[in-house]
Amino acid sequence: MKHSSLYKNLAILLFFSFLIPGTSFSQSTFSFSSNLSLGAKGVDVLELQKALNMDTRTAVAFSGPGSLGEETDYFGALTRLAVIKFQEIYKNETLVPAQLSSGTGFVGIFTRTKLNNLLTKSPSAVSNLPVHIETPALPNNAVPTFNESALSSLGVGLGPMLYGIEPYFVKPGSNIILRGKGFFGDNQVFIDGKLFLDKIKGSKEGTAINVTLNQTIAIGKHSVFVKNINGTTENQPNAVDVMVVSEVPIPPSITYISPTTIASDSTDEIVITGQNFSPDGNLIVGILGPTKLFPSQSNNIRLKLSDFPGTAQFKNVPIGYKIIVPVYLIIQNSSGTSNPIKIDVIVK
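The sequence shown begins at 67 in the numbering used here and counts up one residue at a time.
Spelled out as structure tokens, the structure:
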């Protein structure tokens, strides 16, 4: 009987450690210094997922890629959803200063500051801490250069990195923003391998470049990379492009979900209502994992909780206990990504 009680309590502890909202962040030596958004890839994204997974309220996923111990370096829909939850939990520090009322999923200065404040830094791990480099004033807008080999031991990468382009779907002649880091001094912007802009300045932080496309640019997908005195993004792991279209598609949006509360073992239909759903291919993404593609009918998408691969974990709840798990869902299709919507799953 004692062993039975011990195993039961251990099972409760393990299950609740994944599903009950946590409130503390573990010590980390990483510091976020670059803006991050959907489509970004790299070590910053990997560390972002690790940070978000320290609190189960903001976990990227409970199983599979993105879950605790299986973090990835790609900023996809699940990471964006986790960032939105993080921003809304800490809205006074991340949203209010930017005059926003709801999370955006974009990791900017206020979100980065809050993440860094929550991560206790170890003084011994110098290589992962931000390094401030002071240089004298330079005449005629000269670009400071640094000895990269001398700084490599400190983990400082000076070369540019292009994370993504906002917005992705644009018309000819539109303004776009190249998001990344290391855009200091004079930058060159290349489109489809050809020089498009020369000696263009980035933002003060070196994280953005504003570009206006030509009215004559062809309809279709165009590759983009940035080059400056410290390097190029041409051969970075993730290729970045912009889609030029004659008519910009309107992304899907969710109006409501029914029911708003459902038992974990229910076989009832879940109906998501909104606009701009694809008639033949909508991916439902949430902390329980992505579903298969679902069609829509009359602005409705119908599915069941069992369509999510992560629901199998609910079977591990000890008998006699009841918890409520908030599950946020978003819809992705060829026109973009929707706003999130919440459904509470009752597990008992």
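Note that the Cβ used here is the ideal one computed from N, Cα and C, for glycine as well.
On a predicted model such as this, the values are computed, not experimentally measured, just so you know.
Should Pro-345 be labelled buried (16 or more other beta-carbon atoms within 10 Å of its own) or exposed? Taking all protein chains shown into account, Pro-345 has fewer than 16 neighbouring C-beta atoms within 10 Å of its C-beta and is therefore exposed.
Under 8 Å: do the region 318-328 and the region 275-282 share three or more Cβ pairs, one atom per stretch? Taking 8 Å as the limit for Cβ pairs, the verdict is that the region 275-282 does not touch the region 318-328.
Length of the line joining the Cα atoms of Leu-104 and Val-351: 14 Å
Quick one: what does DSSP say Glu-154 is sitting in, helix, strand or coil? helix
Does the beta-carbon of Ser-362 have 16 or more other beta-carbons within 10 angstroms, so that it is buried, or is it exposed? buried
So what does Asn-241 bridge to, in DSSP terms? Thr-278.
Three or more C-beta pairs under 8 Å: does that hold for the region 105-113 against the region 134-147? yes
Per the contact definition of three or more C-beta pairs closer than 8 Å, is the region 260-273 in contact with the region 333-340? Contact fails: fewer than three Cβ-Cβ distances are below 8 Å.
How would you write the range of the alpha helix (DSSP H) that Lys-180 sits in, first residue to last? 175-184
Span of the alpha helix (DSSP H), counted from its first residue to its last, around Glu-113: 109-118
Please state whether the Cβ-Cβ distance between Pro-315 and Phe-235 is less than 7 Å. Cβ distance < 7 Å, so Pro-315 and Phe-235 count as in contact.
Hey, how far is the Cα of Asp-334 from the Cα of Arg-123? Taking the straight line joining both Cα atoms gives about 26 Å.
Going by DSSP, which residues form a beta bridge with Phe-360? Asn-348
Since Phe-256 sits in a beta bridge, which residues does DSSP pair it with? Leu-261, Phe-291
Might you give, ordered along the chain, the residues of its own chain that have their beta carbon closer than 7 Å to the beta carbon of Pro-406, omitting 5 neighbours on each side? Leu-147, Ile-150, Tyr-394, Leu-395, Ile-396
Same chain, Cβ closer than 7 Å to Gln-302, five either side skipped, listed in chain order: Met-227, Leu-228
Hey, Gln-153 and Thr-160: beta-carbon distance below 7 Å or not? yes
May I ask you to list the residues that DSSP assigns as paired with Val-391? Val-411
Would you call Ile-359 buried or exposed, if buried means 16 or more other Cβ atoms sit within 10 Å of its Cβ? The question names Ile, yet the displayed sequence has Leu at residue 359. Exposed, by the Cβ-count rule.
Along the beta strand (DSSP E) that carries Arg-368, what are the first and last residues, could you check? 366-370
For Thr-177, the nearest candidate out of Ser-100, Asn-241, Phe-249, Ile-367 (CA to CA): Ser-100
Whole angstroms is fine: what's the gap from Ser-312's alpha carbon to Ser-133's? 39 Å
For Lys-370, collect the residues of the same chain with a Cβ closer than 7 Å to its Cβ; drop the 5 residues on either side in sequence, then sort them by chain order. Thr-333, Glu-335, Ile-336
From Ile-409 to Phe-250, what distance separates their C-alpha atoms? 44 Å
Is Pro-233 closer than 7 Å to Gln-281 when the C-beta atoms are compared? no
Applying the criterion that 16 or more other CB atoms from any shown protein chain within 10 Å of the CB defines a buried residue, is Glu-136 buried or exposed? exposed
Within a Cβ cutoff of 8 Å, which residues of the same chain sit near Ser-400, ignoring the five residues on either side of it in sequence? Pro-315, Ser-344, Gly-347
Give every residue of the same chain whose Cβ lies closer than 8 Å to the Cβ of Thr-298, excluding the five residues on either side of it in the sequence, and list them in chain order. Gly-225, Pro-226, Phe-291, Val-292
According to the Cβ coordinates, are Asp-307 and Lys-287 closer than 7 Å? yes
State the Cα-Cα distance for the pair Ile-285 and Ile-412, rounded to the nearest angstrom. 48 Å
What's the gap between the Cα of Asn-182 and the Cα of Ala-117? 10 Å
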